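A quick write-up on the structure given underneath.
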Amino acid sequence: FVNRVLTVVKVLQNDGGVLTGQPPDGHQISVKGLIPSKLSKYVEVIGVAEGNQSIRAEIYTNFGDTFGNSLIIHIHLSRITEDDLSLMIRIH
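The sequence shown begins at 734 in the numbering used here and counts up by one.
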């Protein structure tokens with residue numbers, strides 16, 4: 734099965750092939766994949782989870798250099814079986 738994720742991260746470091754980011758839970762994660770040359774301070778990442786602290790990104794969306802903290806939604810999509818898809822939304 735595939736764990737698809739969508740999150741917004743604060744970009745801490747960009748080494749070309751690996752981006753280190755901070756999602757809403759405050760931990761650091763590694764984002765791998767083809768990283769655009771120009772990223773804002775906050776980036777939405779959609780991709781596949783490769784463990785608890787790593788995402789293989791498929792889509793990046795710049796969110797700008799400021800991002801409101803009043804409402805951050807973290808969405809986790811998990812494929813349970815071939816036919817089922819679960820959705821978890823955490824609001825911080």
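Note that the Cβ used here is the ideal one computed from N, Cα and C, for glycine as well.
Computed from a prediction, not measured in an experiment: that's the story for all the values here.
In chain order, what residues of the same chain have a beta carbon less than 8 angstroms from the beta carbon of residue i, not counting five sequence neighbours either side?
| i | result |
| --- | --- |
| E791 | G766, I779, G780 and V781 |
Expressed to the nearest angstrom, what Euclidean distance is found between the alpha-carbon atoms of residue i and residue j?
| i | j | result |
| --- | --- | --- |
| D758 | D798 | 19 angstroms |
| E783 | N747 | 18 angstroms |
| T753 | Q786 | 10 angstroms |
For the beta strand (DSSP E) containing residue i, name the first residue and the last one.
| i | result |
| --- | --- |
| K721 | Since the first residue shown for the chain is 734 and the last is 825, residue 721 is missing from the structure and cannot be characterised. |
| Q761 | Segment: none, Q761 is in no beta strand (DSSP E) and carries neither H nor E. |
| N795 | S787 to G797 |
Among the residues of its own chain, which have a CB less than 6 angstroms from the CB of residue i, if the five just before and after it don't count?
| i | result |
| --- | --- |
| V751 | S763 and K765 |
Helix, strand or coil for residue i per DSSP?
| i | result |
| --- | --- |
| E783 | coil |
| V778 | strand |
| V735 | coil |
| G754 | strand |
Sort the options by Cα distance to residue i and report the nearest one.
| i | options | result |
| --- | --- | --- |
| G749 | V776, E777 and P769 | P769 |
Using a Cβ-Cβ distance under 8 angstroms, would residue i count as near chain B?
| i | result |
| --- | --- |
| A790 | Of the protein chains in this structure there is only one, and it is not chain B. |
Could you name the residues of the same chain whose beta carbon sits closer than 7 angstroms to that of residue i, not counting the 5 residues immediately before and after it, in chain order?
| i | result |
| --- | --- |
| Q755 | V742, K743, L745 and Q761 |
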